[in-house]
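Undergrad:
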Amino acid sequence: MPQIMKYCPDARYVVVSNPVDIITYTILKVTGLPENQVIGSGTLLDTARLRDNIAKSINVSPKNIHSFVLGEHGDSSMIPWSLTAVGGMPLETYLSSSRNKSAVMPDKDAVLKDVHEAGGQVIRLKGATFYAIALVARRICEAIMRNGRSVLTCSTMLHGEYGVSDVCVSVPCIIGAGGVENIATPPMTPDEEKAFTASANALKEIIAQLDI
Numbered sequence: 171m172p173q174i175m176k177y178c179p180d181a182r183y184v185v186v187s188n189p190v191d192i193i194t195y196t197i198l199k200v201t202g203l204p205e206n207q208v209i210g211s212g213t214l215l216d217t218a219r220l221r222d223n224i225a226k227s228i229n230v231s232p233k234n235i236h237s238f239v240l241g242e243h244g245d246s247s248m249i250p251w252s253l254t255a256v257g258g259m260p261l262e263t264y265l266s267s268s269r270n271k272s273a274v275m276p277d278k279d280a281v282l283k284d285v286h287e288a289g290g291q292v293i294r295l296k297g298a299t300f301y302a303i304a305l306v307a308r309r310i311c312e313a314i315m316r317n318g319r320s321v322l323t324c325s326t327m328l329h330g331e332y333g334v335s336d337v338c339v340s341v342p343c344i345i346g347a348g349g350v351e352n353i354a355t356p357p358m359t360p361d362e363e364k365a366f367t368a369s370a371n372a373l374k375e376i377i378a379q380l381d382i
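According to this note's numbering, the stretch in the sequence shown is residues 171 to 382, in order.
Structure (structure tokens):
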């Protein structure tokens, strides 16, 4: 990366290699690049799987579901269910007002377990996760090249958001031509913030063992 940035100091770098949060952090530390220029794919794929999972439970298109997987791209990631919305309504409100009696509240523990294990399941069945991560990389690049200013759960350096600093972790980021142009920090419940902090701390424990 230090060699690459000599020739492309103004590029936007999209990191997809795992462990993506650690590599994103390392690139920032060893290159000194502005933080907005380095974007980890983070939990964007996890978030897509989450929305698809919820969609199947409530019989709504995933495109109309807003929900996030935040934290580490890994086993400590968390779902802030309080932020989950369908058609602009909180999930509970939508379900209580829906005429579709087959729409049910997803099993939250089972959904999180599925999010954590989906990648391993794909690898067992196909050998590797080729296609889904390619779509994620394309989505990030599209937001940059078209200046989409899209809200995507990407890995970026935090400076006090949710009380977390000096670690790259996934939060809702506004991705546009400038890379990470802003970070959205919608309020989470105390328990959700605790889970998010625990996920970030798991990454910080790994970083502390590295010579960066």
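We treat Cβ as the ideally placed atom computed from N, Cα and C, and that holds for glycine.
Do Val350 and Ile209 have their C-beta atoms within less than 7 Å of each other?
TA: On the sequence shown, position 180 is the one that residue 350 refers to. On the sequence shown, position 39 is the one that residue 209 refers to. Result yes, Cβ atoms of Val350 and Ile209 sit closer than 7 Å.
Undergrad: Could you have a look at Gly290 and say whether DSSP puts it in helix, strand or coil?
TA: Reading the sequence shown from its first residue, position 120 is the one you call residue 290. The answer is helix: DSSP assigns Gly290 an H, G or I state.
Undergrad: Could you tell me the boundaries of the alpha helix (DSSP H) in which Glu351 lies?
TA: Your numbering for residue 351 matches position 181 in the sequence shown. From DSSP, Glu351 is part of no alpha helix (DSSP H) but of the beta strand (DSSP E) over Gly349 to Ile353.
Undergrad: Once the 5 residues before and after Ala255 are set aside, which same chain residues still bring their CB inside 6 Å of it?
TA: What you label residue 255 is simply residue 85 of the sequence shown in a count that begins at 1. If we look at Ala255 and ignore the five residues flanking it on each side, its Cβ neighbours are His236.
Undergrad: Please report the straight-line C-alpha distance between Ser320 and Leu295, rounded to a whole angstrom.
TA: As a working note, residue 320 is residue 150 in the sequence shown. As a working note, residue 295 is residue 125 in the sequence shown. Whole-angstrom Cα-Cα distance: 32 Å.
Undergrad: Assign Met248 to buried or exposed, taking buried as 16 or more other Cβ atoms, counted over all protein chains shown, within 10 Å of its Cβ.
TA: Here the question's residue 248 lines up with position 78 in the sequence shown. Met248 is buried by the Cβ-count criterion.
Undergrad: Look at the Cβ atom of Phe366, then the Cβ atom of Tyr332, and state whether they are nearer than 7 Å.
TA: As a first step, residue 366 is located in the sequence shown; it is residue number 196 there, counting from the start. As a first step, residue 332 is located in the sequence shown; it is residue number 162 there, counting from the start. Yes.
Undergrad: Please classify Tyr264 as buried or exposed, where buried requires at least 16 other C-beta atoms within 10 Å of its C-beta.
TA: Walking along the sequence shown from the start, residue 264 turns up at place 94. Around the beta carbon of Tyr264, a 10 Å sphere encloses 16 or more other beta carbons of the protein chains shown; the residue is thus reported as buried.
Undergrad: Just to confirm before moving on: does the CB-CB distance between Asp216 and Val285 stay below 7 Å?
TA: Within the sequence shown, the letter at position 46 stands for residue 216. Within the sequence shown, the letter at position 115 stands for residue 285. Their beta carbons are under 7 Å apart, which means Asp216 touches Val285 by this criterion.
Undergrad: What residue from Gly346, Thr326 and Leu203 has the CA that sits closest to Val186's CA?
TA: Working through the sequence shown from its first residue, we reach residue 186 at position 16. For the residues Gly346, Thr326 and Leu203, the minimum Cα distance to Val186 belongs to Thr326.
Undergrad: Grouping DSSP H, G and I as helix and E and B as strand, with all else coil, what is Asp180?
TA: As a position in the sequence shown, residue 180 is number 10, starting the count at 1. If DSSP states are grouped into helix, strand and coil, Asp180 belongs with coil.
Undergrad: Do you know offhand how far Thr359's Cα is from Gly241's?
TA: Along the sequence shown, read from residue 1 onward, the residue named residue 359 stands at position 189. Along the sequence shown, read from residue 1 onward, the residue named residue 241 stands at position 71. If you take the alpha carbons of Thr359 and Gly241, they lie about 15 Å apart.
Undergrad: Run the CB neighbour count on Ser250, radius 10 Å, all protein chains shown included, and call it buried at 16 or more, exposed below.
TA: Counted from its first residue, the sequence shown places residue 250 at position 80. Looking at the sequence shown, residue 250 is not Ser but Pro. By the neighbour-count rule (16 or more Cβ atoms within 10 Å), Pro250 is buried.
Undergrad: So Cys338 packs on Tyr183, CB below 8 Å; how close in whole Å?
TA: Looking up residue 338 in the sequence shown gives position 168. Looking up residue 183 in the sequence shown gives position 13. The pair is not a contact, with the Cβ atoms about 12 Å apart (cut-off 8 Å).
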